[in-house]
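Scroll down for the structure; my scribbles are underneath it.
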Amino acid sequence: MPATAANLYDYPRYYDLVFGSDWKAEFDFLRAAFREFVPGRTRRLFEPACGTGRLVFRLAKAGYSVSGLDLNPRAVDYCNRRLAKHDLPETAFIGDMAKFTLPKAVDGAFNTINSFRHLPTEATARAHLHCMASALRKGGVYVLGLHLTPTEGEPLTEESWSARRGHLCINTHLQTFEVDRPGRMERCRMTMDVYSPTDQFQIVDELRFRTYTLPQLRRLLAEVPELELVEVFDFRYSLDETTIMDAATQDVVLILRKK
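Note that my numbering has the sequence shown beginning at 78, numbered continuously upward.
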């Protein structure tokens, strides 16, 4: 199978299939979380690092006013074209999630698939959280999902999954090949084996994520006092199953409320 070294985010159609096939659990969880934790009605939503808008357009179809930003122009274009296809406003825009403002405050925001860890430094992570606090109205919540680096037990270092849409099938493998704990950087290799009726090929990309142990995460959150941690869940996306974070915890979904 021919292989191409490329940026995954430059292939929005494939990205959307790889990360969008299990959207329903996140969609249902977000709606339930906003009902549970946001006082009053939730109308306006925002997704930083929205990518192809796999959740943006579905939440917009459900009646919310949703916007999103992303650094990748191809992803933003894909998102807006899909919104237009469904007769919805083209609300995705190119921007940096560590340096942005919104024209109006939102009731809720979400970033559920580890995109937060693309921010390479403590300063950019802190700046992002300050931006999110400014974007939320009082009582609004930010649903933030990320993987933690455990200090007890064995960390998860690889995962594989398959997704299909029509005649297009993609088998994906994500594997950590280097962890620089002092430098707080994890390097991962992602391969996507793409199968269609007319072609078969592989896309290979390298992803870099900032690492967070639980104490490091707590220190960061303490530096943004305008956001209060009110509850923690995990990637099962169930409001009935809260998570008590400890040294072995590896995946968390934080509910951060604007004071």
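Glycine included, each C-beta is placed from N, C-alpha and C at the ideal position.
Excluding its 5 nearest sequence neighbours in each direction, Y155 has C-beta neighbours in its own chain below 6 Å: P89, T129, listed in chain order. Proximity of the region 291-305 to the region 86-105 falls short of the contact definition, fewer than three beta-carbon pairs being nearer than 8 Å.
Apart from the 5 residues on each side of it in sequence, S144 sits with its Cβ closer than 6 Å to the Cβ of F123, T168 in its chain, given in chain order. Following the DSSP letters along the chain, one finds M209 inside the alpha helix (DSSP H) bounded by residues 199-212. Cα atoms of R120 and T228: separation of roughly 39 Å, rounded to the nearest angstrom. Here the alpha carbon of V218 sits roughly 18 Å from the alpha carbon of A175. Per DSSP, the continuous beta strand (DSSP E) segment holding K335 begins and ends at 328-335. Nearest Cα to T275 within the set P125, K181, L245: L245. Close CB contacts of P116 within its chain, under the 8 Å cut and outside five residues either way in sequence, are with G216 (chain order). Within the DSSP secondary-structure output, V183 pairs in a beta bridge with L213. Fully contained in the region 140-199 are the following alpha helix (DSSP H) runs of length 4 or more, in chain order: 150-162. DSSP, read as helix, strand or coil, puts E318 in coil.
With a cutoff of 8 Å on beta-carbon distance, M267 and D282 are scored as near each other.
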